[in-house]
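Numbering (the working numbering), first residue to last: 413 to 682. The beta-carbon is built from N, C-alpha and C at its ideal position, and this holds for glycine as well. Written out below as structure tokens is the structure these notes cover.
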């Protein structure tokens with residue numbers, strides 16, 4: 413019997429599968445009692461979709477200043493939510509009393525991930541990977557049975573992936589010192605964005621670069637269902653392991669396009 417997978421999964425619906433759209437693995441954890449975590453994952457998933465469907469993601473040059481600013485705001489936002497809500501073991505936890513919080517089903521936002529005509533920017537591909545790992549760990553964290561508490565342990569578990577984006581982008585593109593970036597008080601500001609000069613830290617390879625595909629790209633109307641989000645229990649049948657070679661599909665699923673046989677085009681749910 414084939415194993416499941418905690419790798420990023422292909423959104424196996426035409427035409428998104430041909431563009432390399434993927435989703436973080438939620439495993440058999442289709443929902444949560446933790447409303448703050450549900451809200452943060454939905455917000456980050458939407459921002460992730462916006463950034464990865466922007467033209468910068470399709471270019472091979474360093475991201476433009478608008479994208480850098482959006483990433484900085486995403487990082488600041490995640491820090492504010494996780495840092496502001498976390499409670500350690502010395503603090504009393506809010507309990508629901510007579511109430512029984514209703515579970516929330518995860519909303520999944522497929523985004524460009526696997527290499528394709530729209531996945532070309534090495535910096536944003538790396539940051540996208542950290543976001544996928546963040547979301548996978550959020551979806552599967554054992555604290556999803558805590559309705560009213562964001563524990564310090566969970567906040568630290570999740571923040572480490574966002575923090576890595578902060579360090580990589582801040583030092584390698586914005587030329588901020590690691591000492592400043594590692595400060596607990598550090599936040600990206602307009603001063604940092606205004607000093608963005610990627611030409612000072614990267615090489616110009618224009619002679620070998622191309623504009624990529626400029627035809628047949630999705631519009632905002634095409635992307636709107638993905639932005640709204642697809643409930644995890646509904647999207648599950650249309651997910652497939654993305655192979656790097658011959659191998660088994662997920663349990664009960666077909667192999668994804670890219671295998672030796674090339675079958676597995678799903679039907680859209682939305």
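Just curious, the alpha helix (DSSP H) that residue i is in, first and last residue?
i           : result
residue 550 : 534-552
residue 505 : No alpha helix (DSSP H) holds residue 505; DSSP gives it neither H nor E.
residue 493 : 477-497
residue 635 : 632-640
residue 645 : 644-647
Could you name the residues of the same chain whose beta carbon sits closer than 7 Å to that of residue i, not counting the 5 residues immediately before and after it, in chain order?
i           : result
residue 557 : 445
Reducing DSSP to helix, strand and coil, say where residue i ends up.
i           : result
residue 619 : helix
residue 451 : helix
residue 524 : strand
residue 420 : coil
residue 464 : helix
residue 509 : coil
residue 582 : helix
Is there a C-beta anywhere in chain C that falls below 7 Å from the one on residue i?
i           : result
residue 531 : The structure shown has no chain C; it contains just one protein chain.
What are the boundary residues of the beta strand (DSSP E) that includes residue i?
i           : result
residue 651 : 651-653
residue 435 : 433-435
residue 605 : Looking at the DSSP string, residue 605 is not in any beta strand (DSSP E); the run it does join, the alpha helix (DSSP H), is 602-606.
Which word fits residue i, buried or exposed, when buried means at least 16 other C-beta atoms lie within 10 angstroms of its C-beta?
i           : result
residue 645 : exposed
residue 451 : exposed
residue 660 : Note on residue 660: pLDDT 49, under 50, position unreliable in the model; the coordinate value appears next. So residue 660 ends up on the exposed side.
residue 516 : buried
residue 424 : buried
residue 435 : buried
Could you pull out every residue in the same chain whose Cβ sits closer than 8 Å to the Cβ of residue i, ignoring the five residues on either side in sequence?
i           : result
residue 507 : 560
residue 361 : Residue coverage of the chain in this structure runs from 413 to 682, which leaves residue 361 outside it and unanswerable.
Using C-beta distances below 6 Å, list every residue in its chain close to residue i, excluding the 5 sequence neighbours before and after it, in chain order.
i           : result
residue 484 : 600
residue 490 : 574
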